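Working notes, structure below.
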Amino acid sequence: MPPIPPADDDVEIRRADLADGDQVGRLAERVYRQGGWADEAYSPVLLDGRSRIEQAEVLVAEAADAILGTATVARPGRDRTIGRLVLLAYRLNLDPG
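Just so you know, our numbering puts 97 at position 81 of the sequence shown, and the rest follows in order with no gaps.
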(Lines of atoms letter the chains of each structure in order from A and count residues from 1; the text may use other names and numbers.)
(Lines give C-alpha, C1' and ligand atoms only; values in the text may rest on other atoms or scores of the structure.)
Protein backbone atom coordinates (compact mmCIF):
# COMPACT_ATOMS: atom_id res chain seq x y z
CA MET A 1 0.00 0.00 0.00
CA PRO A 2 1.47 3.43 -0.96
CA PRO A 3 2.36 5.85 1.84
CA ILE A 4 -0.21 8.48 2.80
CA PRO A 5 0.94 11.85 1.47
CA PRO A 6 1.15 14.76 3.92
CA ALA A 7 -1.75 17.20 4.08
CA ASP A 8 -1.19 20.35 2.02
CA ASP A 9 -0.79 22.46 5.14
CA ASP A 10 2.03 20.16 6.32
CA VAL A 11 4.14 20.87 3.20
CA GLU A 12 6.36 23.92 3.04
CA ILE A 13 7.52 25.26 -0.33
CA ARG A 14 10.73 27.25 -0.07
CA ARG A 15 13.84 28.15 -2.00
CA ALA A 16 16.59 25.58 -1.58
CA ASP A 17 19.80 26.57 0.12
CA LEU A 18 23.23 24.96 -0.19
CA ALA A 19 22.60 22.81 2.89
CA ASP A 20 19.85 21.06 0.86
CA GLY A 21 22.29 20.10 -1.91
CA ASP A 22 22.77 16.45 -0.99
CA GLN A 23 19.03 15.76 -0.58
CA VAL A 24 18.19 17.64 -3.78
CA GLY A 25 20.82 15.68 -5.73
CA ARG A 26 19.84 12.26 -4.36
CA LEU A 27 16.16 12.89 -5.11
CA ALA A 28 16.85 14.08 -8.66
CA GLU A 29 19.10 11.11 -9.39
CA ARG A 30 16.61 8.60 -7.98
CA VAL A 31 13.67 10.06 -9.92
CA TYR A 32 15.60 10.23 -13.18
CA ARG A 33 16.93 6.68 -12.75
CA GLN A 34 13.51 5.24 -11.92
CA GLY A 35 12.04 7.06 -14.91
CA GLY A 36 14.70 5.70 -17.24
CA TRP A 37 16.09 9.18 -18.05
CA ALA A 38 19.55 8.75 -16.50
CA ASP A 39 22.46 6.38 -16.81
CA GLU A 40 25.86 5.99 -15.11
CA ALA A 41 27.29 8.90 -17.11
CA TYR A 42 24.51 11.38 -16.17
CA SER A 43 24.12 10.32 -12.53
CA PRO A 44 27.06 12.41 -11.20
CA VAL A 45 25.54 15.55 -12.75
CA LEU A 46 22.19 14.80 -11.13
CA LEU A 47 23.76 14.02 -7.75
CA ASP A 48 25.46 17.45 -7.73
CA GLY A 49 22.57 19.28 -6.09
CA ARG A 50 24.85 22.03 -4.73
CA SER A 51 25.85 23.18 -8.22
CA ARG A 52 22.22 23.12 -9.35
CA ILE A 53 21.25 25.31 -6.38
CA GLU A 54 24.11 27.72 -7.19
CA GLN A 55 23.28 27.89 -10.93
CA ALA A 56 19.47 27.91 -10.99
CA GLU A 57 16.35 28.69 -9.02
CA VAL A 58 15.57 25.53 -7.04
CA LEU A 59 12.45 25.20 -4.91
CA VAL A 60 11.85 22.34 -2.51
CA ALA A 61 8.66 20.88 -1.09
CA GLU A 62 9.40 19.78 2.45
CA ALA A 63 7.43 18.00 5.17
CA ALA A 64 8.68 16.54 8.45
CA ASP A 65 12.26 17.63 7.62
CA ALA A 66 12.28 15.58 4.40
CA ILE A 67 12.42 16.98 0.87
CA LEU A 68 9.54 15.43 -1.05
CA GLY A 69 10.03 17.22 -4.35
CA THR A 70 12.03 19.85 -6.18
CA ALA A 71 11.38 22.28 -9.00
CA THR A 72 14.29 23.77 -10.93
CA VAL A 73 14.09 26.78 -13.22
CA ALA A 74 17.30 27.42 -15.17
CA ARG A 75 17.87 30.37 -17.41
CA PRO A 76 20.06 30.08 -20.54
CA GLY A 77 23.77 29.88 -19.87
CA ARG A 78 23.30 29.16 -16.16
CA ASP A 79 22.85 25.38 -16.24
CA ARG A 80 25.46 23.24 -17.99
CA THR A 81 22.90 20.51 -18.75
CA ILE A 82 20.53 22.71 -20.76
CA GLY A 83 21.06 23.67 -24.40
CA ARG A 84 21.71 27.23 -25.49
CA LEU A 85 18.52 27.53 -27.52
CA VAL A 86 16.24 26.91 -24.57
CA LEU A 87 14.87 30.17 -23.23
CA LEU A 88 13.65 28.74 -19.95
CA ALA A 89 13.89 25.21 -18.63
CA TYR A 90 11.77 23.73 -15.87
CA ARG A 91 12.38 20.42 -14.16
CA LEU A 92 10.21 18.87 -11.48
CA ASN A 93 11.30 15.94 -9.35
CA LEU A 94 8.82 14.24 -7.02
CA ASP A 95 9.69 11.48 -4.61
CA PRO A 96 7.78 8.44 -5.91
CA GLY A 97 7.92 6.78 -2.49
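We put the beta carbon where it would ideally sit given N, CA and C, even for glycine.
From a predicted model like this one, the values you see are computed outputs, not experimental measurements.
For residue i and residue j, I'd like the C-alpha separation in whole angstroms.
| i | j | result |
| --- | --- | --- |
| A32 | D64 | 14 angstroms |
| G41 | L62 | 6 angstroms |
| A82 | R68 | 19 angstroms |
| A54 | D26 | 31 angstroms |
| V47 | G85 | 10 angstroms |
| E45 | D36 | 14 angstroms |
| I29 | V74 | 10 angstroms |
| P39 | Q50 | The identity of residue 39 in the sequence shown is Gln, whereas the question assumes Pro. Using only the alpha carbons, I get a separation of about 16 angstroms. |
| V89 | A72 | 6 angstroms |
| P18 | G52 | Note that P18 scores a pLDDT of 48, beneath 50, so its modelled location is shaky and nothing firm can be said. |
Go ahead and pull the three-state DSSP assignment for residue i.
| i | result |
| --- | --- |
| L56 | One point to set straight first is that residue 56 is Glu, not Leu, in the sequence displayed. Reduced to three states, the DSSP call for E56 is coil. |
| A77 | strand |
| R31 | strand |
| A72 | coil |
| D36 | helix |
Would you mind giving the Cβ-Cβ distance between residue i and residue j, rounded to the nearest angstrom? I have them listed as a contact below 8 angstroms.
| i | j | result |
| --- | --- | --- |
| R66 | L43 | Contact flag wrong, Cβ pair sits at about 13 angstroms. |
- Task: Would you be able to state if there are at least three C-beta pairs under 8 angstroms between the stretch 70-87 and the stretch 49-59?
- Result: no
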